[in-house]
Each structure stands twice: as structure tokens, then as C-alpha cells.
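Quick note, our numbering runs 54 ahead of the 1-based positions in the first sequence. Backbone N, C-alpha and C define an ideal beta-carbon position, used for all residues, glycine too. As C-alpha cells, the structure follows; a few thoughts come after it.
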Amino acid sequence: MSKTIKLKLRKTFFLKPTAPFSFDKTIHKPDHFTSGDNIWQPGIRWQTWRWRGVPLGLKIENSGSVNKPLVKIGIYTSPNLFLNSQEFKNRFFNDLIGEVSYFYNFNLDLKEFYRLFGKDRKLGPVIKRMRGMRPGQPSSLYEYLIVGIVLQNASVRRSINMFRTLLENFGTQVKFGRKELWCFWPPGGLKNVSELKLRKLKLGYRAKSIKKIDDYFGKKLINEFELREQPCETQRRELLALYGVGPATVWYILFDVFHRWDVFDHISPWEQKIYSKLWFGKETTNPVSVDKLLRFINKYGKYKHLAVHYFWEDLWWQHKEQQIDWLRKEIRA
DNA sequence: CATCAGGGCCCTG
DNA sequence: CAGGGCCCTGAT
55 MSKTIKLKLR KTFFLKPTAP FSFDKTIHKP DHFTSGDNIW QPGIRWQTWR
105 WRGVPLGLKI ENSGSVNKPL VKIGIYTSPN LFLNSQEFKN RFFNDLIGEV
155 SYFYNFNLDL KEFYRLFGKD RKLGPVIKRM RGMRPGQPSS LYEYLIVGIV
205 LQNASVRRSI NMFRTLLENF GTQVKFGRKE LWCFWPPGGL KNVSELKLRK
255 LKLGYRAKSI KKIDDYFGKK LINEFELREQ PCETQRRELL ALYGVGPATV
305 WYILFDVFHR WDVFDHISPW EQKIYSKLWF GKETTNPVSV DKLLRFINKY
355 GKYKHLAVHY FWEDLWWQHK EQQIDWLRKE IRA
């Protein structure tokens, strides 16, 4: 196996997210299953990041408060990384920081959302507990598609195993800030990996989808940054055209990668049970119809998926602090 | 031990 | 447009 690359602190940035900003609730999502590429503890997240083909380490730290937010980001690179001109170097780091801000929504303005729903009977108390949280996750479109594929038709534990297997076989191991983590391989990085090899790693029929998606991205047939600027329906269409990507995966990506706060049109059976309990107090054995759930969430209008994110993350944070038995049963982690 | 459904999707008829 | 098949795993 390839050996660990030791990364050195190369540059430090300070960013001021819009207030209010909850560092931990934005930077750590207890329900996200990716592991091996990050470590979180209150106030700090170590995260690997593949940027312009190069494996990096980021140490993201809370240096402020909810009302006076300040985030410190240390960027670790290989000492051998050669950034030839000062201009090139500045662009490399500035663009990276822009991307980190994008993915963690440091500039999201929550004021209107709070004004509209801060006093909502159901959502109000959630907003109070989760004040300053915003959606946030670090996976690029390519990476998220791989994640989406391993989520399909599998229990959480199996998804985690598949994800780690992929990282440990095709990723790059890096060490920075005394943490050893795995960094994602670049798009097209599975060019020389056969479908059979993936199947032997217990990816099952997903091997085919992963190969096709890797090939598609390797040939640069899709441009994440251009797609980001396109209308929602274009994004949906382009994603659905990818082999192995259906409505469930698209729905996750429209929210997490393209930041469509208003799209909420898909509820899978296990999620249906959880929402039924959350919003209607129904036992998970007797869930409310998907239709009724969708009607309920519609009242949050252009913020309806953001609202769901608040409900959902609030539940997981509560679960993290004090085990919720019915939830544990449902997720079977 | 065997059986089965699971945080979907593709393909066929 | 409904439903079978797909891989593997842990639950039963």
C-alpha cells in the first residue's frame, strides 16, 4: 500500500461567517456517516480535502462565538507541493477558501428564515436550540456521488464499510496535526481499477455505477462549477442522466452540493417513519402517508428543505446527547 | 442453520 | 408503469 504523506502547515486564514453562526452544528452533522476522512471534536474539525488534484489537510477551528463568529482554517500541504508563482499560489489558496466557505455556507443569511419561522409552533423551538446552524458538508459533486452510491440499498454499517474500503484502497493517506486520515482520490482516479476488483471489495452491483461515474468525471464530461450556476431543473436532469443515480441520490445532492433549500420531494420509507414520529407523534409502526408529510413541510415554502434539515439535525443532536431509543431502532447503525 | 429486507436503480415485458 | 434482480450483511 502507498505510504502516508506528511503534510505541513502552509497557510492560515481567518474567516468571519455571517452571524449568528453555530460552529459545531454547522461543521459536524451527527447523522453523516463518512468516516476516515475527518475527525471532529467540539470546536475543531480535521478534514482532508482534494483540491485541484492535490491532497490537503484542513484544520478548521472555532475562534469566535455564535454572535461574533470567527473561524480559523489551517491548510496543510505536502512540503513538496510546488506552487510556482506567487500569483498562482494566492489563487490556489484563495479559491480553496472560497470553496470551503461555499460548502459550509459561511455566508448564508438566516435572518429571513428565522423571522418567518422563529415563532412557528413546531419549528420555533428547533430554531432556538439550533440557532446559527447552517447546512454544511465537504464533499465535491464527484465525491458525493460516490457516497450516494454506497448509501443505496444498504444499512448504515454496510455503507460505512464500503466507504472506508474505497478510501483505504484508492485514497491517499495523509498525516497532519498529529491526525492520520484518508483523502479522497481525484475524479478519474479509478481508471485502472476494474469493476471486478470493486466487486471483490464487496461493493456489489454498485461497482458498475461507480466505474461509470468515475469514467464520466475522468473525461471531464461534467463541470461541477458550471453546473452550480445552472437552474435547478438542469441540475436535476444532468444528475439523473448519470448511471446509478436516481431520485433519492439527486435529492440529497440538490440540497447538500447545490444548496437548493426549497427542494423537498422525496421521502424514503425509513425517513417516512422518522418524520411521522417527529411531526405527528405517530408510532413508527403506523406512519403518516408520504403525501401528508410533504403537505406539512410545504408551509415552509422556499425554505422547506432547510426546515427539514433543522428538524433532522436537531433530532440527531438530541440523540447524540441522550440516546433516543425509537430512533436507534429505526437507524440500526 | 436459513431466510429476508435493506438509506435504490436499471431494465424488461 | 409494475416488478424482478442485484451484492452483501446483520437481524431474526
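Determine the extent of the beta strand (DSSP E) in which residue i is found, giving its start and end residues.
i, result
"L348", "Where L348 is concerned, there is no enclosing beta strand (DSSP E), although the alpha helix (DSSP H) it sits in stretches over V344 to N352."
"P109", "V108 to N116"
"L69", "K62 to L69"
"E234", "K233 to C237"
"P92", "Contrary to the premise, residue 92 reads as Asn rather than Pro in this sequence. Start and end: N92 to Q95."
"W105", "I98 to W105"
"G152", "G152 -> not in any beta strand (DSSP E); alpha helix (DSSP H) instead, spanning Q140 to F157."
Does the ligand ADP have even one heavy atom less than 8 Å from the beta-carbon of residue i?
i, result
"N223", "Absence of the ligand ADP from the depicted structure is noted, as is the absence of any ligand whatsoever, leaving it without description."
Exposed or buried, what is residue i when buried is set at 16 or more other beta-carbons lying within 10 Å of its beta-carbon?
i, result
"L252", "buried"
"S263", "buried"
"Y274", "Here residue 274 is Lys; the residue named in the question, Tyr, does not match the sequence. K274 is exposed by the Cβ-count criterion."
"F334", "exposed"
"G111", "buried"
"G97", "exposed"
If distances are taken between C-alpha atoms only, which option among the options comes closest to residue i?
i, options, result
"D105", "F87, P74, K122 and I151", "Reading the sequence as shown, one finds Trp at residue 105 and not Asp. Closest by alpha carbon: I151."
"L135", "Q227, P109, S194 and S155", "P109"
"W103", "P84, Q191, E141 and K143", "Q191"
"K165", "G242, Q372 and N121", "N121"
"K126", "F68, W100 and S343", "F68"
"E278", "R183, I114 and F312", "F312"
"A73", "I59, W94, P123 and T80", "P123"
"F238", "H359, R260, D268 and S209", "D268"
"L257", "R99, Q206, G242 and P285", "Q206"
Determine the extent of the alpha helix (DSSP H) in which residue i is found, giving its start and end residues.
i, result
"N223", "V210 to F224"
"G178", "L177 to R183"
"W324", "P323 to F334"
"I267", "R260 to G272"
"G202", "L195 to L205"
"R290", "C286 to L294"
"I385", "D379 to I385"
Considering only the beta carbon of each residue, do residue i and residue j sit closer than 9 Å?
i, j, result
"E367", "D85", "yes"
"L347", "S322", "no"
Meets three-Cβ-pair contact criterion under 8 Å: the region 56-68 and the region 120-139: As far as the Cβ criterion goes, the region 56-68 touches the region 120-139, which means the pair count is three or higher.
Segment contact, 8 Å Cβ cut-off, at least three pairs: the region 159-172 with the region 216-223: Output reads no: the region 216-223 does not touch the region 159-172.
Inter-stretch contact (C-beta, 8 Å, three-pair minimum) for the region 195-202 and the region 298-316: A contact exists between the region 195-202 and the region 298-316.
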